[in-house]
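The opening residue of the sequence shown carries number 3 in my numbering; numbering runs sequentially from there. The structure under discussion appears below in the form of structure tokens.
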Amino acid sequence: MQIGLCTNAAANAHVLAPSSLDYIEENVQSFLKPESPDSEFADRRARAADAIKPVVAANCFLPAALKCVGPVVDRSRLLTYAECAFQRASICGIDTIVFGSGGSRQVPEGFSAATAFDQYVALLRDLAAIAQRHRVTVVVEPLNRGECNLINTIAEGADAVRQVGDARVRLLADIFHMMRNGEGPEAILAHGDLLSHAHIAEVESRTAPGTKGDDFRPFLRALRSVGYDRRLSLECGFGDLAADLQRAVSTLRDQMRDSGF
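See below:
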């Protein structure tokens, strides 16, 4: 299984170069700039090609102000945004778009949660067609209840993915969010057939592996049991990235080895 880091590849190149990371996960909004003109995106292909580590995924898909659920949803703007984002992702060699975007999918107070879920699934169906054209995959990221009130558990994310029924829409397991929600590794065992991406961080304050000493082995063993052997991104805070990154990677690799990887 490959280990990556959610970061700005250009800004942190001096730290990434000596690390044993396999890839970088960038930011859709700041790196792909879906609502900015081509002139502001022009250098991104070169930046991705010149990156010390391959840039293969991107998160932070939708800005909070671009709502995908609720009483006011601008479908035309959403689809135009996605078309540009996925096209630019493909140009840069990015094949995975992480759909967390808790602000965008936050259900407004008084609005039907069931209706919001249906809106979300309908958008995913639209995104699947766009993703197919540009050969990218959208992964649904369940978020902890403190950050969002729609799609919190692996089971809920799996329900959305299954309702879409398209290979271009898959599921992400974020071990930090799972632990925050009190969700155990059995959720991975139940829905592992849908997984295409994963994130990790320590539960107390979203620190890097090896900081507080969290034991991720039960979750890693679950990933191994369902045959997941793709990517696992460090999505966490670092006190000092240069000093702490290799410890985080080494800690995670040790726990992966103990878990059968």
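Ideal Cβ placement from N, Cα and C applies to all residues, glycine included.
Who are the Cβ neighbours of Gly95 in its own chain at under 6 Å, not counting the five residues just before and after it? For the purposes of this step, residue 95 is taken as residue 93 along the sequence shown, with counting starting at 1. Taken in chain order, the residues that qualify are Ala50.
Would Asp52 be called buried (16 or more neighbouring beta carbons within 10 Å of its own) or exposed? The residue you call residue 52 lines up with position 50 of the sequence shown. Classification of Asp52: exposed, given that the 10 Å Cβ count is below 16.
Please confirm if the stretch 135–147 is in contact with the stretch 84–92, defined as three or more CB-CB distances below 8 Å between the two stretches. Counting Cβ pairs under 8 Å, three or more are found: they touch.
C-alpha distance - Ser252 paired with Arg77, whole-angstrom precision: Position 250 of the sequence shown, counting from 1, holds the residue named residue 252. Position 75 of the sequence shown, counting from 1, holds the residue named residue 77. One alpha carbon belongs to Ser252, the other to Arg77, and they sit about 44 Å apart.
The stretch 52–69 touching the stretch 24–33, judged by at least three CB pairs closer than 8 Å: With a cut-off of 8 Å, the stretch 24–33 and the stretch 52–69 count as touching, because enough Cβ pairs lie within range.
What residues are listed by DSSP as bridge partners for Tyr25? Counting from one through the sequence shown, the residue named residue 25 turns up at place 23. Per DSSP, Gly6.
For Asp256, the three-state DSSP class (helix, strand or coil): Position 254 of the sequence shown, counting from 1, holds the residue named residue 256. Helix at Asp256.
Tell whether a beta-carbon distance below 8 Å holds between Ile202 and Ile156. Position 200 of the sequence shown, counted from the first residue, corresponds to residue 202. Position 154 of the sequence shown, counted from the first residue, corresponds to residue 156. Result no, Cβ atoms of Ile202 and Ile156 do not sit closer than 8 Å.
Assigned secondary structure, Ile99 (DSSP; H/G/I helix, E/B strand, else coil): On the sequence shown, position 97 is the one that residue 99 refers to. Three-state result, Ile99: strand.
What first and last residue would you give for the beta strand (DSSP E) that runs through Thr139? Stepping through the sequence shown from its first residue, residue 139 is reached at position 137. Segment 139–142, the beta strand (DSSP E) holding Thr139.
Using beta-carbon positions only, say whether Phe240 and Ile177 come within less than 8 Å of one another. Looking up residue 240 in the sequence shown gives position 238. Looking up residue 177 in the sequence shown gives position 175. It is not a contact, given that the beta carbons lie outside the stated cut-off.
Among Val142, Arg147, Cys150, nearest to Phe160 - alpha-carbon criterion: Position 158 of the sequence shown holds residue 160. According to the sequence as given, residue 160 is Ala; it is not Phe. For the residues Val142, Arg147, Cys150, the minimum Cα distance to Ala160 belongs to Val142.
Taking 6 Å as the limit between beta carbons, can you name the residues of its chain near Glu185, skipping five residues before and five after? As a first step, residue 185 is located in the sequence shown; it is residue number 183 there, counting from the start. Counting only Cβ-Cβ distances below 6 Å, and skipping sequence neighbours, we find Thr155.
Does the stretch 143–150 touch the stretch 164–171, meaning 3 or more C-beta pairs lie closer than 8 Å? Remark: fewer than three beta-carbon pairs, one from each stretch, lie closer than 8 Å, so the stretch 164–171 and the stretch 143–150 are not flagged as touching.
Taking DSSP as the reference, what is the three-state secondary structure of Ser198? Indexing the sequence shown from 1 puts residue 198 at position 196. Strand.
Quick one, which of Leu80, Lys35, Leu126 has its alpha-carbon nearest Ile93's? Position 91 of the sequence shown, counting from 1, holds the residue named residue 93. Ranking the options by Cα distance to Ile93, first place goes to Lys35.
Taking the alpha-carbon of Met258 as reference, which of Leu225, Leu247, Ala115, Gln248 has the nearest alpha-carbon? Residue mapping note: residue 258 aligns to position 256 of the sequence shown, counting from 1. Of Leu225, Leu247, Ala115, Gln248, the residue nearest in Cα terms is Leu225.
Mind checking whether Ala250 and Ala210 have CB atoms under 8 Å apart? The count along the sequence shown starts at 1 and reaches residue 250 at position 248. The count along the sequence shown starts at 1 and reaches residue 210 at position 208. For Ala250 and Ala210, yes; Cβs fall inside 8 Å.
So, under 8 Å CB-CB, Val57 and Leu243 are touching, yes? Tell me the CB distance rounded to an integer number of Å. Residue numbering aside, residue 57 sits at position 55 when the sequence shown is read from its first letter. Residue numbering aside, residue 243 sits at position 241 when the sequence shown is read from its first letter. With a Cβ gap of about 17 Å, Val57 and Leu243 do not count as contacting.
Near Asp216, which residues of its chain fall below 7 Å by C-beta distance, leaving aside the five closest residues on each side in sequence? The residue given as residue 216 occupies position 214 in the sequence shown. Counting only Cβ-Cβ distances below 7 Å, and skipping sequence neighbours, we find Glu204, Val205.
Secondary structure, alpha helix (DSSP H): runs of 4+ residues fully inside the stretch 116–169: DSSP runs (the alpha helix (DSSP H)) wholly in the stretch 116–169: 156–166.
For Ala15, which residues from the same chain have a beta carbon less than 8 Å from its beta carbon, with the 5 sequence-adjacent residues on both sides left out? Working through the sequence shown from its first residue, we reach residue 15 at position 13. Excluding residues within five positions, the ones whose Cβ falls inside 8 Å are Ala53, Ile54.
Using the C-alpha atoms, what's the distance from Gly104 back to Gly148? Translated into the one-based positions of the sequence shown, residue 148 becomes position 146. Translated into the one-based positions of the sequence shown, residue 104 becomes position 102. When rounded, the distance between both Cα atoms is 10 Å.
So which of Val228, Ser38, Met180 has the shortest CA-CA distance to Ser198? For the purposes of this step, residue 198 is taken as residue 196 along the sequence shown, with counting starting at 1. Looking at the Cα atoms, Val228 is the closest of the given residues.
Kindly indicate which residue of Gly72, Ala12, Glu237, Ser106 has the alpha-carbon position closest to the one of Gly112. For this step, residue 112 is matched to residue 110 along the sequence shown. With respect to the C-alpha of Gly112, the residue from Gly72, Ala12, Glu237, Ser106 having the closest C-alpha is Gly72.
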